[in-house]
Amino acid sequence: MIKAQPRKGPCWLKRMERKLKPKAEDTRTVDIDDAYTLDFWAKEFGVSKEKLMAAVFAAGTNARDVKRELKK
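Have a look at this one:
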């Protein structure tokens with residue numbers, strides 16, 4: 055007996071799902087106005103949110119500059 059394969063849905067549904075997926079994070083800019091991004095970068099650098107915000111105020115939003123500032 056041959057079992058039928060389940061249908062995976064119409065192709066337009068797959069295209070719509072791809073469009074709705076979030077884009078990759080911008081890995082060069084530290085945006086402290088967005089709570090999700092602030093959490094991401096704080097975990098990435100292993101520092102508190104307050105320390106990250108102070109580093110961004112001192113060095114700007116470029117991730118490399120912020121990293122250098124945090125190492126001081």
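Taking the working numbering, I'd label the letters of the sequence shown as residues 55 to 126.
Note that CB positions come from ideal geometry on N, CA and C, so glycine has one too.
Asked                                                                                                                                                      : Found
Could you pull out every residue in the same chain whose Cβ sits closer than 7 Å to the Cβ of K121, ignoring the five residues on either side in sequence? : F99
Tell me which residues share the same chain as M107 and place their Cβ nearer than 8 Å to its Cβ, disregarding the 5 neighbours each side in the sequence. : I86 and L92
DSSP three-state label for T115, please.                                                                                                                   : coil
Apply the 10 Å Cβ neighbour rule to K125 and answer buried if 16 or more other Cβ atoms are within range, or exposed otherwise.                            : exposed
Would you mind sorting A109 into buried or exposed? The rule is 16 or more other CB atoms within 10 Å of its CB.                                           : buried
Should A112 and T83 be called a contact, given that it needs their Cβ atoms to be closer than 8 Å?                                                         : no
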